[in-house]
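Numbering-wise (this note's numbering), the sequence shown opens with residue 7 and increments by one.
Comments concern the structure below.
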Amino acid sequence: MTRLFYATLVGLVGAAVVHLVVIFLLPLVSTDTAWNRVAAQIAEHEPMRPGDERNALGAGAYGPDPFFVTVICRYDLRAGALHVRSPGLAPLWTVGVHDSLGTVIFSANDRLVAGRRLDLAVVDASQLRFVRQNAPPELTNAIIAPAARPTGFVTVRAFRPDPTWDTVIERFVDELACEPLGF
Numbered sequence: 007m008t009r010l011f012y013a014t015l016v017g018l019v020g021a022a023v024v025h026l027v028v029i030f031l032l033p034l035v036s037t038d039t040a041w042n043r044v045a046a047q048i049a050e051h052e053p054m055r056p057g058d059e060r061n062a063l064g065a066g067a068y069g070p071d072p073f074f075v076t077v078i079c080r081y082d083l084r085a086g087a088l089h090v091r092s093p094g095l096a097p098l099w100t101v102g103v104h105d106s107l108g109t110v111i112f113s114a115n116d117r118l119v120a121g122r123r124l125d126l127a128v129v130d131a132s133q134l135r136f137v138r139q140n141a142p143p144e145l146t147n148a149i150i151a152p153a154a155r156p157t158g159f160v161t162v163r164a165f166r167p168d169p170t171w172d173t174v175i176e177r178f179v180d181e182l183a184c185e186p187l188g189f
């Protein structure tokens, strides 16, 4: 009976160790990450819609959702802070800032800003100090998202309740700009 208990205990501990090793090695051996797809397919500061036949990302990369239109913009803060904005309105928009590891470092929605217009600046630590000391006029109403890593991507999702909203959503997406700022 003692041998059976000992063998079971050794088996459980061994299985736990193997599972932990696999979990911790997974990020190191995984090559098909969201960041790798975005970095390979999207030019910096160039908004792109996954699932659009004009690009190679495909809808399956981010999960198709018929009620949301998604736009992705890649950035490198070494080239300057990123300014994401759209003067258009959508019934609901959300924005997520992801670093190059795919971790969401900031998220917000249209209820966070006055006027419900998308206006976001992604900055690193030195750019954040500059913005706080010398607030540029184009960032007066912008949400400031600090980023620890210099590279990453921003996802903007706009809610499309039904097909009657297509023109409003298309205007919002077409007017969306991802521009580097000069600091």
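Heads up, the beta-carbon is just placed ideally off N, CA and C, and yes, glycines get one too.
ask   = Would the beta-carbon of VAL179 fall within 9 Å of that of VAL128?
value = With respect to VAL128, VAL179 sits apart: the two C-beta atoms are not nearer than 9 Å.
Q: Could you tell me which of PRO97, ASN115 and ALA22 sits nearest to GLY168, measuring between CA atoms?
A: Note that residue 168 corresponds to Asp in the displayed sequence, not to Gly. Nearest C-alpha to ASP168: PRO97.
### Task
Report yes or no: do the segment 137-144 and the segment 104-124 share at least 3 C-beta pairs separated by less than 8 Å?
No, the segment 137-144 does not touch the segment 104-124.
### Message
As a quick exercise: from VAL19, ALA13, ALA154 and ARG123, pick the residue whose alpha carbon is nearest that of GLY94.
### Response
Of the candidates VAL19, ALA13, ALA154 and ARG123, the residue whose Cα lies closest to the Cα of GLY94 is ARG123.
field: Bounding residues of the alpha helix (DSSP H) (the contiguous stretch that carries ILE175)
entry: Counted as a single uninterrupted DSSP element, the alpha helix (DSSP H) harbouring ILE175 occupies residues 172-180.
Closest to VAL77 by C-alpha separation, out of ILE150, ARG155 and HIS51, would be which residue?
Checking every option, the nearest Cα to that of VAL77 belongs to HIS51.
Considering only residues of the same chain and omitting the five flanking positions on each side of ASN147, which have a CB-CB separation below 6 Å?
-> Excluding positions up to five away in sequence, the list reads ASP125.
For ARG84, is the classification buried or exposed, using 16 other Cβ atoms within 10 angstroms of its Cβ as the cut-off for buried?
With fewer than 16 other CB atoms across the displayed protein chains lying within 10 angstroms of its CB, ARG84 is exposed.
Taking all protein chains shown into account, do 16 or more other C-beta atoms lie within 10 angstroms of the C-beta of LEU213, making it buried, or fewer, making it exposed?
The requested residue 213 does not occur in the structure, where the chain is confined to residues 7 to 189.
So PHE112 and ALA151 are supposed to be a Cβ contact under 8 Å. How far apart are they, rounded? Going by Cβ atoms, the distance from PHE112 to ALA151 rounds to 4 Å, so yes, they are a contact pair.
Self-check item: VAL110 burial status per 10 Å Cβ neighbour count (16 or more: buried)
Solution: Classification for VAL110: exposed.
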